[in-house]
Amino acid sequence: MAEKDTCGEFDLEREGSDRNLRINCIGCPYYPSIEDSEQCMEKIVNRLIELGGVTNIILSSDMNFVYPPEQTGMLDELAQAYLKLEQEDEVLKYPVVQSPLLQKELARAINVMKDVMLSRFKTDPIGAYVKTIRVLREEKVRNETLNESEKKIGDLQILKLKAIKDELEKTKIIQKVKNELTGYKIGDREIYRELFTPLIKPNFMYSRLIMEPPLKAKEIESYEIGKIDKTEIVIYDVPDEVTKKYYLQPGEFSLSDDEYELLTTARGILAKHKPKKEEFTDPQRMREVFYKISRDLLQEVAKSNNVSITFKRIEYLARILVRLTVGFGLAEVILEDERVEDIYINAPIGKVPLIVKHSEYGELRTNIIPSVRDAYGWASRFRMMSGRALDDANPVLDTELETENFRARVAIVQEPLSPQGLSFVFRRHRERPFTLPLLIHYNSLTPLAAGLIWFLVDGARTILVAGTRGSGKTSLLGACMIEIMRKFRIITVEDTLELPVNYMRNLDYDILSMKVGSAIAGTGGEMPAPEGIRTTLRLGDSALIIGEVRSKEAIALYEAMRIGALANVVAGTIHGDSAYGVFDRVVHDLDVPVTSFKATDIIIIAQKIRSPDGLEEKRRVTSIVEVRKHWEKDPFIEKGFVPLMTYDAKEDRIKPERALIEGDSEVIKSIAGSVREWAGKWDLVWEEIVLRSKIYELIVKTAQERKYLELMESDFIVIANETYHKLFKKLKEEQGYPETKDLLFLFEEWLKAELKKRGK
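Here the sequence shown is numbered in the working numbering, starting from 449 and rising by one per residue.
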């Protein structure tokens, strides 16, 4: 319904199953606040007496103040209590008396009742309760002094007051504060601020924000996010709660009145334009176009309304407008936080806050409550952007979201799979790919493990990165991709684009990304994954990276590996918590022949390790396992799995096993056998692995000591790796096979020169 212009006018709005009462407060002589204004509280209780059954109360002024169901329910209880007292208990009705003395006693009783019921009950129910208790006590004492005729009125008054007291004590308002009323001063509204805390949202947006932190919450950290538009994030710890809070104050909530008016008007105009499906085929281009339209529109609206505003602020408002119209609202703001890994928006939307998975604090509840209207808009946009179905027949949609500020994988579930409606999961990807030195820095693996992985990637082995959900498989796979030299072509095959292809292309990699149909959702006419993998065999000699081995594409992958069609590294991720778990999934779930599994050379297991209290998690590479080729049916029983490195829980690090130290590795021997200088010389091969580990250890140590973490980012690691190979070649030409100490010395000198160039 349209909003009215008169103070106190109201509308009932339907949002999903919610029945929301919107009250216009523009032009009202009181502030739109239940907790601060007696008049405001009274108006709302009167509306609830009239209407009943309301889910949310929205006070609409320059901002929308939204009182959620629990708080609305307390006022609805109060309204129903008033109705019962008035209509059933008839506390406002008194008998007619003739005697002047009794008339005087009756008038006194009526005045008391008017004060409690008519003056206080709707405006200050806590004050009405305290007043009732005090008067009831006085009436009982006074009643002892009255004659028989007067006593009848006194007894009636006591019954009425007791009915009011009993009815109020049934309400949550009184139950919540009953033990805090010692010394309470009637009329003091401070106590209502503990009961009523509205969510706040501007008129031009639908999601709601909890502004005030929880009572007794302790701030444990605050920081800023955002490249262009800054947003403050505050982390709170709440006593008696395991889950911490993640509060943000986005720019939408700190604008001037004129800016609010500009945005509200501009959004109303833009809302009339319904983007067509073809506009979503290039989301980045569409955002650029809408940004320019929004900027020009805001300038026109400001000019027509005689609003003085700088061009910089116009650009700022235009970015907000793009986010709210063709973007994804406050979810985009949170996705700019590099410490956020996942965002969960659970059904039923509008009932529960948005939840984030934080890299340091785990799952946190935010102060954002998304709206049903936003959710349906987002689902529609993702459907058009991906070209995939999202309907009753295809209730799952896997897609991706990429802007200039972040990349994320998105999963959407709707009815009938999610009976209570839409649910979203955003999995944020790091803007720049992880590298092995960064994983050393975060203690996910050791320098020796990093050196071994670097050696295996250079050795063109087939590698599966396995682990449970959220264990860091894709991050580790991305780090392995950075180890591939830029002279080799890379082809990636994914159903949802997660790998850092665009960033690697900017690093001058020869890389081709192929997108295939989803294994669990509608494909939207995309090529099935098995055909996509077979197609790569016709695209020239390349390293092949599979985003995730999920389904029957595993058969095509192993076909390719077995026939030797891929002469470079082949790597991918798969769900599994052990080498045998990977074998079991590939062979028994994905129907790959047992003997074909032998085409796997190395399985790297990544896992989340929990603290004893269960409150903290850390990601660790827990094993690097070689798959041997001599077994026939079961690699576990026939000792076909040989661990090269295994996680030691006591030391919290991955350590080398005897097979690696003593050179009992067929995979490493196979790599060495194709290099003339290494063939039959395990000592030189081991030196090479250790040297690479020392290179990375040097980079990490230097970055930490100089507080220059850029040294561990992919931009530098790509150059560092290629420099290592060039230095190796230089020394080989000068002195035959290079000495480890000479190579390490030259690399250290090069590193110092690079730091000097960068002013570090």
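Beta carbons: idealized from backbone N, C-alpha and C, even for Gly.
One alpha carbon belongs to GLU1170, the other to ASP1096, and they sit about 32 Å apart. Taking C-alpha positions only, ASN627 is separated from ILE581 by approximately 14 Å. The alpha-carbon separation between ALA837 and VAL858 amounts to approximately 14 Å.
In this structure, the straight-line span from the alpha carbon of VAL682 to that of THR1043 is close to 54 Å.
Under the DSSP assignment, TYR694 falls in the beta strand (DSSP E) whose first and last residues are 692-697. About 5 Å separates the beta carbon of ARG937 from that of ASP958, a gap short enough to meet the 8 Å contact definition. With the rule of 3 Cβ pairs closer than 8 Å, the segment 1148-1165 does not count as touching the segment 908-923. Between the alpha carbons of ARG656 and LYS649 lies a gap of roughly 5 Å. Distance from the CA of PHE882 to the CA of LEU496, rounded to the nearest whole angstrom, comes to 56 Å. Straight through space, the alpha carbons of ASP459 and TRP826 are spaced by roughly 26 Å.
In this structure, CYS488 keeps its C-beta atom at 8 Å or more from the C-beta atom of ASN472. Between the beta-carbon of ALA779 and that of SER742 there is about 19 Å, and that puts the pair past the 8 Å contact cut. Relative to the Cα of LYS751, the nearest Cα in the group ARG767, GLU707 and LEU1108 belongs to GLU707. Runs of the alpha helix (DSSP H) spanning 4 or more residues and lying entirely within the segment 1093-1161 occur at 1106-1109, 1114-1121 and 1130-1154, in chain order. Bridge pairing for GLU1074: ILE1050 and VAL1090 [DSSP]. Judged by DSSP in its simplified three-state form, ASN468 adopts strand.
If you ignore the 5 residues before and after LYS1180, its C-beta comes within less than 7 Å of the C-beta of PRO1186, all in its own chain and listed in chain order. Remark: C-beta atoms of PRO662 and LYS693 approach each other more closely than 8 Å. Here the alpha carbons of VAL844 and LEU870 stand approximately 10 Å from one another. According to the DSSP secondary-structure assignment, PHE882 is paired through a beta bridge with no residue. Of the candidates ALA991, GLU667 and GLY716, GLU667 places its Cα closest to the Cα of LEU696. Under the DSSP definition of a beta bridge, VAL913 partners with THR1021 and ILE1052. Rounded to whole angstroms, GLU1196 and LEU887 show a C-alpha spacing of 21 Å.
With a 10 Å radius around the Cβ and a threshold of 16 neighbouring Cβ atoms, PHE1084 comes out exposed.
When the five nearest sequence neighbours on each side are left out, the beta carbons in the same chain lying within less than 6 Å of the beta carbon of TYR739 are those of ALA766 and VAL770, in order along the chain.
Boundaries of the alpha helix (DSSP H) around ALA714: 705-718. Under DSSP, GLU942 takes part in a beta bridge, and its partners are LYS963. Burial check for PHE903: the Cβ neighbour count within 10 Å reaches 16 or more, so the residue is buried.
With distances taken between CA atoms, LEU896 lies nearest to TYR1144 out of TYR951, ASP730, TYR1144 and TYR684.
Between the segment 540-553 and the segment 572-592 there are fewer than three inter-stretch CB-CB distances shorter than 8 Å, so the stretches are not counted as touching. Taking 8 Å as the upper bound for CB-CB distance, GLY1020 and GLU946 are not in contact here, some 12 Å apart.
An exposed status is given to LYS1204, since fewer than 16 other beta-carbon atoms sit within 10 Å of its beta-carbon. Annotated three-state conformation of PHE644 is coil, per DSSP. The count of Cβ pairs closer than 8 Å, one atom from the segment 592-601 and one from the segment 630-639, stays below three, leaving the stretches out of contact. Counting only the Cα atoms, TYR1172 lies some 16 Å from GLY1184. When the Cα atoms are used, GLN868 and GLU463 turn out to be separated by approximately 14 Å.
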